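Protein chains: 2
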Amino acid sequence: MTVIAVVGAGYMGTALTFPASDNNHEVRLVGTHLDEEIIRNCLENGFHPKLKRPLPLNVTPFFHNQIAEAVPDAEIVVLGVNSRGVHWAAEQLAPYLRPGQITLMVTKGLEEDKTGALRVLPDIFAADLPPSIRDQIYYAAIGGPSIAGELAARRHTSVVFTSRTPKILPYLQAAFSTPYYHIWTSTDLIGVEVCVALKNPYALAVGLAAGLVERENPPDIAGAKQHNFAAAIFAQGLAETAQLVQVMGGGMETVFSLPGAGDLYVTTQGGRNSRMGRLLGMGMRYADAVEEMPNETVEGVEATIAIVPSVERMIANGQLPDNAMPLLRRLYKILTQNEPVDFDFNRFFGQLSFNPPV
Amino acid sequence: MTVIAVVGAGYMGTALTFPASDNNHEVRLVGTHLDEEIIRNCLENGFHPKLKRPLPLNVTPFFHNQIAEAVPDAEIVVLGVNSRGVHWAAEQLAPYLRPGQITLMVTKGLEEDKTGALRVLPDIFAADLPPSIRDQIYYAAIGGPSIAGELAARRHTSVVFTSRTPKILPYLQAAFSTPYYHIWTSTDLIGVEVCVALKNPYALAVGLAAGLVERENPPDIAGAKQHNFAAAIFAQGLAETAQLVQVMGGGMETVFSLPGAGDLYVTTQGGRNSRMGRLLGMGMRYADAVEEMPNETVEGVEATIAIVPSVERMIANGQLPDNAMPLLRRLYKILTQNEPVDFDFNRFFGQLSFNPPV
Numbered sequence: 215m216t217v218i219a220v221v222g223a224g225y226m227g228t229a230l231t232f233p234a235s236d237n238n239h240e241v242r243l244v245g246t247h248l249d250e251e252i253i254r255n256c257l258e259n260g261f262h263p264k265l266k267r268p269l270p271l272n273v274t275p276f277f278h279n280q281i282a283e284a285v286p287d288a289e290i291v292v293l294g295v296n297s298r299g300v301h302w303a304a305e306q307l308a309p310y311l312r313p314g315q316i317t318l319m320v321t322k323g324l325e326e327d328k329t330g331a332l333r334v335l336p337d338i339f340a341a342d343l344p345p346s347i348r349d350q351i352y353y354a355a356i357g358g359p360s361i362a363g364e365l366a367a368r369r370h371t372s373v374v375f376t377s378r379t380p381k382i383l384p385y386l387q388a389a390f391s392t393p394y395y396h397i398w399t400s401t402d403l404i405g406v407e408v409c410v411a412l413k414n415p416y417a418l419a420v421g422l423a424a425g426l427v428e429r430e431n432p433p434d435i436a437g438a439k440q441h442n443f444a445a446a447i448f449a450q451g452l453a454e455t456a457q458l459v460q461v462m463g464g465g466m467e468t469v470f471s472l473p474g475a476g477d478l479y480v481t482t483q484g485g486r487n488s489r490m491g492r493l494l495g496m497g498m499r500y501a502d503a504v505e506e507m508p509n510e511t512v513e514g515v516e517a518t519i520a521i522v523p524s525v526e527r528m529i530a531n532g533q534l535p536d537n538a539m540p541l542l543r544r545l546y547k548i549l550t551q552n553e554p555v556d557f558d559f560n561r562f563f564g565q566l567s568f569n570p571p572v
Numbered sequence: 215m216t217v218i219a220v221v222g223a224g225y226m227g228t229a230l231t232f233p234a235s236d237n238n239h240e241v242r243l244v245g246t247h248l249d250e251e252i253i254r255n256c257l258e259n260g261f262h263p264k265l266k267r268p269l270p271l272n273v274t275p276f277f278h279n280q281i282a283e284a285v286p287d288a289e290i291v292v293l294g295v296n297s298r299g300v301h302w303a304a305e306q307l308a309p310y311l312r313p314g315q316i317t318l319m320v321t322k323g324l325e326e327d328k329t330g331a332l333r334v335l336p337d338i339f340a341a342d343l344p345p346s347i348r349d350q351i352y353y354a355a356i357g358g359p360s361i362a363g364e365l366a367a368r369r370h371t372s373v374v375f376t377s378r379t380p381k382i383l384p385y386l387q388a389a390f391s392t393p394y395y396h397i398w399t400s401t402d403l404i405g406v407e408v409c410v411a412l413k414n415p416y417a418l419a420v421g422l423a424a425g426l427v428e429r430e431n432p433p434d435i436a437g438a439k440q441h442n443f444a445a446a447i448f449a450q451g452l453a454e455t456a457q458l459v460q461v462m463g464g465g466m467e468t469v470f471s472l473p474g475a476g477d478l479y480v481t482t483q484g485g486r487n488s489r490m491g492r493l494l495g496m497g498m499r500y501a502d503a504v505e506e507m508p509n510e511t512v513e514g515v516e517a518t519i520a521i522v523p524s525v526e527r528m529i530a531n532g533q534l535p536d537n538a539m540p541l542l543r544r545l546y547k548i549l550t551q552n553e554p555v556d557f558d559f560n561r562f563f564g565q566l567s568f569n570p571p572v
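Chains as they are written, first to last, in this note's numbering: chain A, 215 to 572; chain B, 215 to 572.
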């Protein structure tokens, strides 16, 4: 039996308590200051209002002011906060982390460190910790196609657990593996985390095609829709992911398997990023589309706004070529400058050995 | 102006006459012996019954017994026959091909040559031609996400034209490029053609998940479906594609861009392979599912049955490892031996550096 503390009681953090509980671990679900209502619900009636299902057996809910009780003796600390919560989590957790603990991140994103270099979130989290503990704990993360509600429904879910420290991976794998939760392990932390961060913006971009069909290209006399358009966006999204993975030092097999292709696919099959994409594709301005989705975090929007300025700097200093990532950069303008939803397809795939259209 | 003969009046061959006609080429649409009714319709009322739309302006229909009029002075001969028609096409065309002509293949598939080696279709076609003409003509092919009806509707479509002979590529690109038909060129003929051949089986496999949800896993109390399952199949399909591309000598960037990821994505978004997958996932035996889709060629079925015996031989002779392509091989048993639709997920991704589930 392992003691597992999950910090952040949102969709994905809570979903992970299901396989952990099924494996008879002692699981503690620690809400953030944004999760007070959720934790109250969990304590009062054992029901998680966001996941819309009962909390599993071996899970004890904690309010964020109980973090001192929940974390110090946990062997695994799952970080399930949102992407803006990583600094908060480092600050809150620092006093309670102990040498030998494993942190397992499900938060998605990329961020610049103090030198201006784009970094994966486990590294951003580590940099925020005091030097006294920073090198005394282990860092791991999860990537791959995993809709939280399906994992919580104990439906087949296949993911990759990653860490630069190979020796902790079999332990983590054993702690969470169940007949429905299939876990591969990989030391390509960079590749997995870049894929995880980029799938939301590119799923949003694929969703634009659905909206465009409704706005200006309804099915024609013979029923033609706009799947070729969406598929080109999907392919360019994966190719841009491959480009950033490569520049940051990750591996291609991470891109063409679960963390890249698989997670991008599942994210295009519904959810908030697709809905936002559809609204924008229908011609709604971003400011109005946000009003249509009140109180919902659209991770693809946040990631685009967080990442593109770094990409522009990487282009300016020669780390990326001038023609890098035109889709993500276009999406940034659509989201921040009210530019219309159109794409110069011919600028896509510029980093490949293909010769572009003329 | 170029003279372009399209041999095979099915969906994709005919769809290519749209950009060709829009570029003011002289386009000849030559039916096979299976296309008599289609060509008669085209001649009588200028309407293509399969694509369900009028034939474009500069297209002249020909019956197959007029091949001698249509082909000899064409600069480009598009091969739009079905995968079983490649040998027929070589036999029919051999007397009329002239040195310097370009053949451009849209037919999908892989086949063993006389030595037992798995080959891409342009090579199978070339091997069937008499030596007198075989080395006198050029071979090219098309890959990428391209639903024929959308191309014929002049909706944005992005593809890769490929040939081992770089000098013909700009010519082909110019002949077919339009504001809606975006053409990249690549010399990775092997990579493109392996991707093209494998997308149908893997799209069918992704479709199985939709059927399975209907049969045994309807959305639960909280609405959970089975997208994680489908996404794992998608990712494994692309990873198996990467494995075969690599063994046959193609390149990874073909896999993670338009020909691999893009075409697999579009093929999962509907069509006959997805429908067949859904029927099988619902528990129908293959023999019964075929009855539900009369007179329809399901390319994913034909490709699986054509390719898997070669894959087994490649495993037997050490060209592929024992754990290669478990998804395609499982699909073969589902289709040919009435085996149930289930998968041992833990056998997936065996060729990657990931450590598998235990």
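Quick reminder that beta carbons are idealized off the backbone N, C-alpha and C, glycines included. Fair warning: this is a prediction, and the values are worked out from it, not measured in the lab.
From the beta-carbon of A/D249, no residue of chain B is found nearer than 8 Å; the closest lies around 18 Å away.
Following the DSSP letters along the chain, one finds B/A219 inside the beta strand (DSSP E) bounded by residues V217 to V221. Under DSSP, no beta-bridge partner is assigned to A/N272. When secondary structure is reduced to three states using DSSP, A/E325 falls in the strand class. For A/T274, the nearest beta carbon of chain B is not closer than 8 Å to its own beta carbon. Under the Cβ criterion of 8 Å, B/H239 is not counted among the residues facing chain A.
Here A/A288 is buried. Its C-beta has 16 or more other C-beta atoms within 10 Å.
By the Cβ criterion, the segment 376 to 389 of chain B is not in contact with the segment 429 to 444 of chain B, since fewer than three pairs of Cβ atoms, one from each stretch, lie closer than 8 Å. Cβ-Cβ distances below 6 Å link A/Y500 to L549 in the same chain, with the five nearest sequence neighbours on each side left out; the list follows chain order.
Contact note: A/N537 does not reach chain B at a C-beta cutoff of 9 Å; the least C-beta distance is about 13 Å. Along the segment 398 to 431 of chain B, going in chain order, the ones with a CB nearer than 7 Å to a CB of chain A are W398, T399, S400 and N431. Within the segment 548 to 562 of chain A, those residues whose Cβ lies closer than 9 Å to any Cβ of chain B are, in chain order, F557, F559, N560 and F562.
Selection A/M226, A/G485, A/C409 and A/V221 evaluated against A/E510 yields A/G485 as nearest (Cα-Cα).
Contact annotation: B/P309 and B/I351 have beta-carbon atoms that are not nearer than 8 Å. Partner residues in the beta bridge of B/S377, as assigned by DSSP, are B/A354. Counting only the Cα atoms, A/V320 lies some 43 Å from B/M226. If you compare the alpha carbons of B/F448, B/V334 and B/T482 with that of B/V459, the shortest gap goes to B/V334. Looking at B/A304, B/Y394, B/L542 and B/E428, the one whose alpha-carbon comes closest to that of B/D236 is B/Y394. Spatial neighbours of A/D402 in its own chain (CB-CB distance under 7 Å, excluding positions within 5 residues in sequence) are listed in chain order as T376, G464, G465 and T468. Taking 8 Å as the CB threshold, B/V374 lines the interface with chain A. Non-local beta-carbon contacts of B/D249 in its own chain, meaning distances under 6 Å to residues more than five positions away in sequence, involve A223 in chain order.
Chain A places a beta carbon closer than 8 Å to that of B/F470, counting this residue as a contact. Interface residue (Cβ-Cβ distance to chain A less than 8 Å): B/E467 is classified as such. Taking the beta carbon of A/G437 as reference, the chain B residues within 8 Å of it are K266 and G363, listed in sequence order.
Collapsing the DSSP output to three states places A/S488 in a helix. Apart from sequence neighbours up to five positions away, the residues of its chain that approach B/F559 with a beta-carbon distance below 7 Å are A446, ordered along the chain. Between the C-alpha atoms of A/V273 and A/I361 there is a straight-line separation of about 20 Å. Against chain A, the beta carbon of B/T371 has neighbours under 7 Å at N442, listed in chain order.
In this structure, DSSP gives A/T399 an extended state, which the three-state scheme calls strand.
B/I316 is bridged by DSSP to B/I290 and B/Y352.
Three or more beta-carbon pairs drawn from the segment 476 to 485 of chain B and the segment 407 to 421 of chain B are found closer than 8 Å, and the two stretches are therefore classed as touching. Taken atom to atom, the span from the alpha-carbon of B/F339 to that of B/E325 is near 10 Å. Annotation for B/L472: G357, G358, P359, S372, V373, V374 and W398 place their beta carbon closer than 8 Å to its own, counting only its chain and skipping 5 residues before and after. Short of 8 Å from the beta carbon of B/L271, and not among the five residues preceding or following it, lie these beta carbons of its own chain, in chain order: S235. Taking 8 Å as the CB threshold, B/H301 stays off the interface with chain A. Listed as beta-bridge partners of A/H262 by DSSP are A/R267.
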